[in-house]
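First up is the structure itself, then whatever we jot down about it.
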Amino acid sequence: MESPVLSGSQAAAVLGINENTIYELVKNNHVPYLNNNGIIRFSTTSLTNWLEQGYVLNDVEMEVYIQNLKKQFEEQFPESIRVLRDLDKHYTVKRVPKGYSLSKVTSKKHGFLYYVRYIENGKLILSRWNTFTNDLATAERFARDNRERILTAYHAKKESEVKLYKILEEYYLPGSKYLQTDADRGRVFSEESRARYHSFITKTLIPYLKSRHIKNIADITPVEVTKLQDYLLEKKNKPQTINKMLCCVRLIFDFLLKRGKITSNPFRGIVSIKVSRKDRKLRGCYAIDSIRGVFNRKWPDDTNYMLCLMIYSTDMRNSEIGRVQMSDIIDIDGCHFINIPESKTENGVRVVPLHPFVYEKIMWYARKRKLENDDYLFQIVDHMCQRANADMGKMLGITPDELKVQNITFYSGRAFWKTAMSVENLGDIEEYFMGHRVSSDVAKIYNHKDKIGKANLLSKAKDVFKTLDKYLFKP
């Protein structure tokens, strides 16, 4: 018997589906059918064979089919769909986030391995960790079991990274707590040195460390310090400059060592770069008879004038000048001195004789600025000493380029003072002023029992004044 031919409605009834569905299958060529002059019919034999093979839509086709059917139901039965979906909300199980995501990374040995990234406080951490497996269940177990350990180590490393650059950036800032700790232990930096060290660290050291992918303190090893030396040499820095700059960094790591943050200082034990004779440049100095009267003239800037007057007439260091307070100026039998209770070296603790002309200028300067007893005479900031030195050059008709060629700096004032004293056979006169610790109550130190010592001190001060009159001041 020949198999019967079914109409669309009959085929839909046999299959138990909507007639619209059977024609949708026809439209997409998903079901066998007969086309007799535009009339669609279905062979029962063909339908039987079709069902035996198993009808399956591919993923793309199924997605299109589902979306079309969904749209159809929403348009035909909007109220029923709304009620159904409201009911669905009460039975939907809320999704609990896993707190991580897994991704496949190609592996030559295993084909691929799962790597995990964690989500914390709603944010994905960009770092990823190897689960050492290509089995999904094992990788998920690894991600769950090791979450706390991995994230604890991750945050500890990030904190160490932040602290490294934070302390480098802050150590030599003006008024930093680290410099105060150094001061309490007797190490005091001049404003010029502090600014120079801070500039080196922020503009040279930190960019270099970041270029080397140094992220935390433990990454800085003696090998890295040696490579830093090589890098600075390649940048044409002088050996003595490199040694000095690395010394300022070494002090930071000394601080970390004392605080128990590190167990050893990678900068300690590193051999300093040898300074050859060609690397040394003698500090220049004005000729002994070339500047007399320069301080008897009117300068364009009072502060530049006073700074140069101080260093050329007292032999004080830059840092010592910057720490002078009005209360440090003392009177011993009508002769004035500056008391220096703290200095770079032990022998730097001394009293410095003040020429009467210099004392008068200091008092004039203090009155002009309304300085009180505890005020600092100068507030030295970056490049003040350089500007003062340039001003003195102008007063003497010397250009900045000539100063550079002759290597005459602000510090040359000390060389001038020592040269003048040596010419007058007073080369060892500094020793007479060393070690004199003077309190605010001078009578406690220079009492009747020390009349001879006081007389010698005043006599040596007058010798200094005579020399300054001869080479520095006009009568």
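For what it's worth, this note's numbering labels the leading residue of the sequence shown as 484, then goes sequentially. Ideal Cβ positions, reconstructed from N, Cα and C, are used throughout, including at glycine. No experiment lies behind these values; they were computed from the predicted model shown.
Check                                                                                                                                     : Outcome
Own chain residues within Cβ distance below 7 angstroms of residue 950, not counting five before or after                                 : 903, 904, 907 and 909
CB of residue 845 within 9 angstroms of CB of residue 789, strictly                                                                       : yes
Chain-order list of residues whose beta-carbon lies under 8 angstroms from that of residue 504 (same chain, five-residue window excluded) : 495
Status (buried if at least 16 other CB within 10 Å, exposed otherwise) for residue 612                                                    : buried
Contact set for residue 836: own chain, Cβ-Cβ below 6 angstroms, skip 5 residues either direction                                         : 820, 944 and 947
8 angstroms CB neighbourhood of residue 925 in its chain, flanking five on each side removed                                              : For residue 925, the pLDDT reaches just 40, beneath the cut-off of 50, and the residue's location in the model is therefore unreliable, although a value from the coordinates is still provided. 813, 814 and 815.
Collapsed DSSP secondary structure at residue 491 in the structure displayed                                                              : helix
Alpha carbon of residue 582 to alpha carbon of residue 599, nearest angstrom                                                              : 10 angstroms
Sequence-distant residues of the same chain with beta carbon closer than 8 angstroms to residue 930, five excluded per side               : Confidence in residue 930 is poor, its pLDDT being 45 and thus under 50, which makes the residue's placement too unreliable to answer from.
Length at least 4, wholly inside the region 722-781: the alpha helix (DSSP H) runs in chain order                                         : 722-741
C-beta contact flag for residue 654 and residue 684 at 9 angstroms                                                                        : yes
Sequence-distant residues of its chain with Cβ nearer than 6 angstroms to residue 806 (five each side left out)                           : none
Rounded distance between the beta-carbons of residue 771 and residue 894, thought under 8 angstroms                                       : Incorrect: roughly 17 angstroms between the Cβ atoms, too far for contact.
Residue 755 classed as buried or exposed, judged by whether at least 16 other C-beta atoms fall within 10 angstroms                       : exposed
Between the CA atoms of residue 867 and residue 656 - distance to the nearest angstrom                                                    : 18 angstroms
Where residue 677 falls, given that 16 or more other Cβ within 10 Å makes a residue buried                                                : buried
Element boundaries [alpha helix (DSSP H), containing residue 681]                                                                         : 674-683
Assigned secondary structure, residue 805 (DSSP; H/G/I helix, E/B strand, else coil)                                                      : helix
Straight-line gap, residue 697 to residue 716 (C-alpha atoms, nearest Å)                                                                  : 20 angstroms
Candidates 851, 799 and 938, of which the one nearest residue 899 by Cα                                                                   : 799
Same chain only: Cβ atoms within 8 angstroms of residue 968, ignoring 5 sequence neighbours per side                                      : Here the chain covers residues 484 to 958 and nothing more, so residue 968 does not appear.
Rounded C-alpha distance that separates residue 967 from residue 711                                                                      : No answer is possible for residue 967: the residues shown for the chain start at 484 and end at 958.
Check whether residue 849 and residue 875 have beta carbons under 9 angstroms apart                                                       : no
Residue 658 to residue 665 span [Cα, whole Å]                                                                                             : 11 angstroms
Cβ shell of residue 490 (< 7 angstroms), same chain only, five flanking positions each side left out                                      : 524
Closest by C-alpha distance to residue 428, when choosing among 601, 520 and 562                                                          : Residue 428 falls outside the range modelled here, since the chain spans only 484 to 958, and no answer is possible.
Per DSSP, the bridge partner or partners of residue 587                                                                                   : 597
Residues sharing a beta bridge with residue 526, DSSP                                                                                     : 488
Through-space distance from residue 572 to residue 616, alpha-carbon basis                                                                : 38 angstroms
When 686, 736, 870 and 818 are compared against residue 941, the one with the closest alpha-carbon                                        : 818
Range covered by the alpha helix (DSSP H) that runs through residue 517                                                                   : Counting along the chain, residue 517 falls outside any alpha helix (DSSP H), though it belongs to the beta strand (DSSP E) covering 517-519.
Identified DSSP bridge partners for residue 612                                                                                           : 599
Status (buried if at least 16 other CB within 10 Å, exposed otherwise) for residue 791                                                    : buried
Distance between beta carbons of residue 487 and residue 527, contact taken as under 8 angstroms                                          : 6 angstroms
Reference residue 651; option with closest CA among 883, 681, 625 and 546                                                                 : 681
Nearest residue (CA-CA) to residue 939, options 795, 521, 860 and 912                                                                     : 912
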